[in-house]
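Undergrad: Each residue of the sequence shown is one higher than the one before, starting from 1367 at the first, in this note's numbering.
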Amino acid sequence: MLTMRIRATRPTVHALQPSLIRKVANTAIGRSDIIPLWFGEPDRPTPRFIRDAAKDAIDEGQTFYQPNLGIVELRQALATYTNKLYSTELSADNIAVTPSGMTALSVALQCVVSQGDTLVIVSPVWPNLPSAAEILGARIKRVSIKAVDNQWRLDLDELFDACDNKTGAIMVNSPNNPTGWMLEDDEQRRILEFCRERNIWLIADEVYNRIVYDRLCAPSFIDKVTEEDKYLIINSFSKSWAMTGWRLGWITAPRSLLSSIEMVAEYNFSSIFAPTQIAGITALQEGEAFICASIERYRAALNALTAAFAQLPRVTFPQPRATFYAFFEVDGVSDSFAFAVDVLNKTGVGLAPGAAFGPNGEGYLRLCYAADVALLGRALDQMTPLLN
Ligand SMILES: Cc1ncc(COP(=O)(O)O)c(C=O)c1O
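1) What I want to know is whether the C-beta of Asp1609 ends up closer than 6 angstroms to one or more non-hydrogen atoms of ligand 1.
2) I need the straight-line Cα distance from Glu1426 to Pro1641, nearest angstrom please.
3) Which residue spans inside the region 1529-1611 form an unbroken alpha helix (DSSP H) run of at least 4?
4) Does DSSP classify Tyr1452 as helix, strand or coil?
5) Are the Cβ atoms of Pro1408 and Ala1608 separated by less than 7 angstroms?
6) Hey, out of Ile1387, Ile1400 and Leu1382, whose CA is closest to Asn1711's CA?
7) Decide yes or no for the touch test of the region 1503-1522 against the region 1656-1663: beta carbon pairs closer than 8 angstroms, at least 3 of them.
8) Using CA coordinates, which residue listed in Pro1411, Ala1419 and Leu1386 is at the minimum distance from Trp1404?
9) Tell me which residue opens and which closes the beta strand (DSSP E) that Tyr1730 is part of.
10) Report whether the distance from the Cβ of Gly1396 to the nearest heavy atom of ligand 1 is below 6 angstroms.
11) Where DSSP assigns a beta bridge to Gly1402, which residues make up the other side?
12) DSSP three-state call for Ser1636: helix, strand or coil?
13) How would you label Ile1395, buried or exposed, when you count the other beta carbons within 10 angstroms and need 16 or more for buried?
14) Going by the CB atoms, is the gap between Met1537 and Ile1569 shorter than 7 angstroms?
15) Is Phe1560 near Phe1526, with beta carbons less than 7 angstroms apart?
16) Hey, would you say the C-beta of Gly1467 is under 6 angstroms away from at least one heavy atom of ligand 1?
17) Quick one: what does DSSP say Thr1484 is sitting in, helix, strand or coil?
18) Given that a residue counts as buried once 16 or more other Cβ atoms are within 10 Å of its Cβ, and exposed if not, what is Asn1392?
19) If Leu1495 and Ile1501 are in contact, beta carbons under 8 angstroms, what's the gap, nearest whole angstrom?
20) Could you check if Ser1586 belongs to the surroundings of ligand 2, using beta carbon to heavy atom distance under 6 angstroms?
21) Kindly give me the distance between the Cβ atoms of Ala1458 and Val1438, rounded to whole angstroms, as I take these residues to be in contact under 8 angstroms.
22) On a CA-only basis, which of Asp1580, Thr1545, Ile1461 and Thr1375 is nearest Ser1625? Give me that one, please.
23) Any chance the region 1545-1564 sits against the region 1413-1424, with 3 or more Cβ pairs inside 8 angstroms?
24) If I'm right that Ile1599 touches Leu1440 with Cβ under 8 angstroms, what's the distance once you round it to whole angstroms?
25) Do you know offhand how far Asn1754's Cα is from Gly1698's?
26) Using beta-carbon positions only, say whether Gly1615 and Ser1466 come within less than 7 angstroms of one another.
27) Are the region 1444-1459 and the region 1581-1599 in contact at 8 angstroms, needing three or more beta carbon pairs?
28) What are the boundary residues of the alpha helix (DSSP H) that includes Arg1665?
29) Going by C-alpha to C-alpha distance, which of Lys1532, Arg1388, Pro1725 and Met1468 sits closest to Gly1611?
30) When you measure from the CB of Asp1571 to every non-hydrogen atom of ligand 1, does any distance come out below 6 angstroms?
31) In the DSSP assignment, find the beta strand (DSSP E) that holds Ala1513 and state where it starts and stops.
32) Bridge partners of Val1681, per DSSP?
33) Determine which residues share a DSSP beta bridge with Gly1615 and list them.
34) For a test of the three-state rule: what should DSSP assign to Val1479, helix, strand or coil?
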C-alpha cells in the first residue's frame, strides 16, 4: 500500500487537507456497532416513484450522451418548480444541470474565480466550499457567524468589512451546513446590493432551501437577482428528495453566463445519465408530499434532541432554523476531532468534529438528525456519560 503522499503537480492540490469527518469515520472501518450520525444525508432511500422513473428510462434504452446543460425537459421543470416556489420568472435558459451540487459548485467557481482572487466566505461551513475554491488558487477569508442568545447570527458589517479590492466573490451557504443558520430576505438584499456596488460575484449555496421548519422554503437570492447581476446559485437534489447517491444538482445563473457554463461543463463531465435526469423531473413534479413528510420527521427528531440536550448542562445547542444538523458546543472540549474519536470509541456514536467546518467550528460537534427518533434516543443514551 502506498503510504507516502506524492507531491501533486499543482501546489494548490498538494496543499489540500483530507476531510476531518472522513478521518473520524475511517477510525471505525470494520465496526458494525456504530450509530452513524456524522454524514449529511437523509436516512431513508430515495422514494420508490423516483427510482421507478429512472428504471423505466433505462428499460427504454436512454443510455446515450446528453446535452451539457442538461436535458431541456429537466431545465424547464427546474425553472417551473422555482418559479412556483419563489414567484420568479426564470426560464430553462437560466438553468444548468450538473452531476451533483458539489459539481455545480466546482463548475460555478471555475467560471468566475481566478488564481489569487480572495473569496470571502461565511463560516463555519461545509469544507468543500472553501476547498473547491482553493484548488483554483483562490485565497479564503472567513467571516464568522456567532451564536448569540441561542441563535446563529451574521454581522453584515463584518462581512462587508472583510471585502477589499482583491475580493472576487462573496460565498454564502444559507441555510447553513453545519449550523442550521439562515439568512433572512432583508439580509440577502443588503448582501446583493453590496455585491452590485463592488461589482463582485455572489456565489450562493442553497442546497438546504427545502429543509426548513417555519416556512415552505428558505429565503433565496433567486427572487432578488436580475439578469444584470453577477450571481451563481447552487442547488441539489440530494437533500430535498433523498437523492444523495444519484449525483444531480443545478446552477441558476444569468442567461448570458450559460454558454460559459456549457463549455466548462463540457470539459468537466460532458453530460449526465438521462435516467438520472428523468428521475429529477419526477422528483420535482411529484415530490412535494415526500418533502413535507420528511420535514415532519426531522422536526420530531429536532424536538427530541433539543429536549435531551436541555438536560445536559455542558451542552450548548443554538437552535437550527433549517437543515438536519445539530451543531452543539460541549463545555471543556477544545479539540473536537479528539473528542469525536473518543465518543466513537467509547459510545459507538459517529459525530462530525466541528473543526472540520473551519477554525471557528472548533469546540463544536455536528450530529445529523435525519434519523428515527428511537435511534437518536439510543445514541443520546449512549453519549450521555461523555456529555454530562
Ligand atoms: C452546503 C452543501 N452544499 C453542497 C452540498 C453538495 O451536495 P451534493 O454534491 O450531494 O449534491 C452539500 C452536501 O453535503 C452541502 O452540505
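Positions of the beta carbon are idealized from the N, C-alpha and C atoms, including for glycine. A quick note: this is a predicted structure, and the numbers were derived from the prediction, not measured.
TA: Short version:
1) For the purposes of this step, residue 1609 is taken as the residue at position 243 of the sequence shown. The sequence shown places Met at residue 1609, not Asp. It does not: the Cβ of Met1609 is nowhere closer than 6 angstroms to a heavy atom of ligand 1.
2) Numbered from 1 along the sequence shown, position 60 holds the residue referred to as residue 1426. Numbered from 1 along the sequence shown, position 275 holds the residue referred to as residue 1641. Going from the Cα of Glu1426 to the Cα of Pro1641 covers about 10 angstroms.
3) 1551-1564
4) Stepping through the sequence shown from its first residue, residue 1452 is reached at position 86. If DSSP states are grouped into helix, strand and coil, Tyr1452 belongs with the helices.
5) Walking along the sequence shown from the start, residue 1408 turns up at place 42. Walking along the sequence shown from the start, residue 1608 turns up at place 242. Yes.
6) Counted from its first residue, the sequence shown places residue 1711 at position 345. For the residues Ile1387, Ile1400 and Leu1382, the minimum Cα distance to Asn1711 belongs to Ile1400.
7) no
8) Counted from its first residue, the sequence shown places residue 1404 at position 38. Closest option to Trp1404, Cα to Cα, is Leu1386.
9) By one-based count along the sequence shown, residue 1730 stands at place 364. That run of the beta strand (DSSP E) goes Tyr1730 to Cys1734.
10) By 1-based counting over the sequence shown, the position of residue 1396 is 30. Not under cutoff, so the answer is no.
11) As a working note, residue 1402 is residue 36 in the sequence shown. In the sequence as presented, Gly is not what sits at residue 1402; that position holds Pro. Answer by DSSP bridge pairing, in chain order: Gly1716.
12) The count along the sequence shown starts at 1 and reaches residue 1636 at position 270. Ser1636 falls in the coil class under three-state DSSP.
13) For the purposes of this step, residue 1395 is taken as the residue at position 29 of the sequence shown. Exposed: under 16 other Cβ atoms inside 10 Å.
14) As a working note, residue 1569 is residue 203 in the sequence shown. As a working note, residue 1537 is residue 171 in the sequence shown. Taking 7 angstroms as the Cβ cut-off, Ile1569 and Met1537 qualify as a contacting pair.
15) Translated into the one-based positions of the sequence shown, residue 1560 becomes position 194. Translated into the one-based positions of the sequence shown, residue 1526 becomes position 160. Yes, they are a contact pair.
16) What you label residue 1467 is simply residue 101 of the sequence shown in a count that begins at 1. Yes; taking the cut-off as 6 angstroms, the Cβ of Gly1467 has a heavy atom of ligand 1 nearer than that.
17) Translated into positions along the sequence shown, residue 1484 becomes position 118. Reduced to three states, the DSSP call for Thr1484 is strand.
18) In the sequence shown, counting from the first residue as 1, residue 1392 sits at position 26. Its Cβ having fewer than 16 others within 10 Å, Asn1392 is exposed.
19) Reading the sequence shown from its first residue, position 129 is the one you call residue 1495. Reading the sequence shown from its first residue, position 135 is the one you call residue 1501. Actually they are not in contact, since the Cβ atoms of Leu1495 and Ile1501 sit about 12 angstroms apart, beyond 8 angstroms.
20) Only ligand 1 can be found as ligands here, which leaves ligand 2 out of the picture.
21) Counting from 1 along the sequence shown, the entry for residue 1458 is found at position 92. Counting from 1 along the sequence shown, the entry for residue 1438 is found at position 72. Yes, they are in contact, since the Cβ atoms of Ala1458 and Val1438 sit about 6 angstroms apart, within 8 angstroms.
22) For this step, residue 1625 is matched to residue 259 along the sequence shown. That would be Ile1461, whose Cα lies nearest to the Cα of Ser1625.
23) no
24) On the sequence shown, position 233 is the one that residue 1599 refers to. On the sequence shown, position 74 is the one that residue 1440 refers to. Going by Cβ atoms, the distance from Ile1599 to Leu1440 rounds to 16 angstroms, so no, they are not a contact pair.
25) Stepping through the sequence shown from its first residue, residue 1754 is reached at position 388. Stepping through the sequence shown from its first residue, residue 1698 is reached at position 332. Those two C-alpha atoms are separated by around 11 angstroms.
26) On the sequence shown, residue 1615 is found 249 positions in, with the first residue counted as 1. On the sequence shown, residue 1466 is found 100 positions in, with the first residue counted as 1. In this structure, Ser1466 lies closer than 7 angstroms to Gly1615 by Cβ.
27) yes
28) Taking the first residue of the sequence shown as 1, we reach residue 1665 at position 299. Note, Arg1665: alpha helix (DSSP H), Glu1654 to Ala1676.
29) In the sequence shown, residue 1611 corresponds to position 245, counting from 1. Of the candidates Lys1532, Arg1388, Pro1725 and Met1468, the one whose C-alpha sits nearest the C-alpha of Gly1611 is Met1468.
30) Position 205 of the sequence shown, counting from 1, holds the residue named residue 1571. Within the cutoff, so yes.
31) Position 147 of the sequence shown, counting from 1, holds the residue named residue 1513. Here the beta strand (DSSP E) through Ala1513 covers Lys1512 to Val1514.
32) Taking the first residue of the sequence shown as 1, we reach residue 1681 at position 315. DSSP output for Val1681 lists Val1696 as bridge partner(s).
33) For the purposes of this step, residue 1615 is taken as the residue at position 249 of the sequence shown. Beta-bridge pairing links Gly1615 to Thr1464 and Ser1602.
34) Within the sequence shown, numbered from 1, the residue matching residue 1479 stands at position 113. Coil at Val1479, not helix or strand.
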